[in-house]
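Protein chains in written order, with my numbering: chain A, 1 to 220; chain B, 221 to 440.
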């Protein structure tokens, strides 16, 4: 009984996710679902990304949090468009919540949508929101064993951002081991070591985003 | 339908949790359910705790992970008794898994049991495992807004460990703000700022553990 209900919930989610995907593709927008633990630096990455790219790429952010609108406010302070979703206790976003947020956004001319998921390295991995790519973010302060211990989200993602490089000299984190264990789990991962604090490595991330957006514009 | 099934699952969990609690109290053991995000330092805290306290307090650790037995191996290298639970995808431990782990432990003479939950600041907050106290751990590298954004686990916990104090000079984390927002959510929280790397502050944590264990020994 329990299993059947969960399967039904997932099937309903996938149906709405496909609808979201159709809406976003029709608008010409590339969509990212950004996943990490709490405090790995998702919002800081988006603050910098919005500040750097929003003049050249029309973009918007959907912020998923259990409670508060702190993150949407941070994005707006960088001049970005942001819609806040509060899950009221739920540990991940679902496609229906993203659909409600899409209804609040003017999609005309939108080229990039970033959905910042609830801080959780586990549950968001199982939910399609209608994105083109999941992007997983870890920070070097979390150690180098996260891909081994939480493999699902690394399997599901197209890119891995390794944040807080500025703290690497003070941490017991083997960056090469972190990268190679992630790539063993998913050899297709694009890997971007960055420091959202110093800016190191962010140009590579911006370049990848520009490429994804440019490819979406081409007729397929 | 979905809600009713979830309610049934939680009720079944609570029943088994009460049984675990009865078993542990009968044995005279104090039990902690340690919760944090991935990479905040739960296992490192337990490595140091086991190395320091295991000669004076008979203790054991139940390690909860989605996959791998890396954490149980780390505890055993410190001379601790450890049972590994793999949740095979699940984002939190449930009471039935702890009951199975208890069956693998010799409880005679046990005085302290620490259950290290799956790395997740959200879902474990809702599941009683039969512990005497939840203890939540955050690290200063995660920023100072975690109590505001993930309040449930702070409400449910008796103690808050703030780890990675050694990295505080390199982080944008306001330690006073972190403490005060946690205490606004739960004024009864015992707060232990520590560095599991340098050892700073750990004596206060060990002292609190000794007190809890000593109080359990007294006839109630």
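Even for Gly, the Cβ is constructed at its ideal location relative to N, Cα and C. Since we're looking at a predicted model, the values are computed, not measured.
With fewer than three CB-CB distances shorter than 8 Å, the region 370-387 of chain B does not count as touching the region 282-294 of chain B.
Interface criterion met: the Cβ of residue 258 of chain B is under 7 Å from a Cβ in chain A. Contacts with chain A at 7 Å (Cβ-Cβ) do not include residue 393 of chain B. When 9 Å is used as the limit between beta carbons, residue 139 of chain A is near these residues of chain B: 259, 361, 362, in chain order.
Here residue 369 of chain B is buried. Its C-beta has 16 or more other C-beta atoms within 10 Å. Residue 156 of chain A: member of the alpha helix (DSSP H) spanning 151-156, first to last residue.
Given a length threshold of 4 residues, each whole run of the alpha helix (DSSP H) inside the region 243-287 of chain B is given here in chain order: 262-273. The C-alpha of residue 342 of chain B lies about 28 Å from the C-alpha of residue 21 of chain A. Beta-bridge partners assigned by DSSP to residue 160 of chain A: A/136, A/191.
Non-local beta-carbon contacts of residue 398 of chain B in its own chain, meaning distances under 6 Å to residues more than five positions away in sequence, involve 364 in chain order. Listed in chain order, the beta strand (DSSP E) runs fully inside the region 313-359 of chain B are 332-336, 353-359, counting runs of at least 3 residues. Under the Cβ criterion of 7 Å, residue 123 of chain A is counted among the residues facing chain B. By the Cβ neighbour-count rule, residue 433 of chain B is buried, with 16 or more other Cβ atoms within 10 Å of its own. It is roughly 53 Å from the alpha-carbon of residue 275 of chain B to the alpha-carbon of residue 98 of chain A. Chain B has no Cβ within less than 7 Å of the Cβ of residue 128 of chain A. DSSP places residue 82 of chain A within a strand segment (E or B) once states are collapsed to three. Contact between the region 39-50 of chain A and the region 109-117 of chain A is established, with three or more Cβ pairs separated by less than 8 Å.
It is roughly 11 Å from the alpha-carbon of residue 366 of chain B to the alpha-carbon of residue 393 of chain B.
Distances from the CA of residue 395 of chain B to each of B/437, B/358, B/416 were compared; the closest alpha carbon is that of B/358. Classified as exposed, residue 8 of chain A has fewer than 16 neighbouring CB atoms from the shown chains inside 10 Å of its CB. A Cβ of chain A is located within less than 7 Å of the beta carbon of residue 366 of chain B. What residue 163 of chain A touches in chain B, judged by beta-carbon distance under 9 Å, is nothing: the nearest beta carbon there is about 10 Å away. Taking a C-beta cut-off of 7 Å against chain B, the contacting residues of the region 64-79 of chain A are 65, 66, 67, 68, 70, listed in chain order. DSSP places residue 361 of chain B in the helix class (H, G or I) of the three-state scheme. Pairing residue 196 of chain A with residue 324 of chain B, the inter-Cα distance amounts to about 45 Å. Under the Cβ distance rule, residue 91 of chain A counts among the residues neighbouring chain B, one pair being separated by less than 7 Å. The alpha-carbon of residue 307 of chain B is positioned some 44 Å away from that of residue 109 of chain A. The C-beta distance from residue 270 of chain B to residue 299 of chain B rounds to 7 Å, short enough to fall under 8 Å. Annotated three-state conformation of residue 186 of chain A is coil, per DSSP. Rounded to whole angstroms, the separation of the alpha carbons of residue 182 of chain A and residue 112 of chain A is 26 Å.
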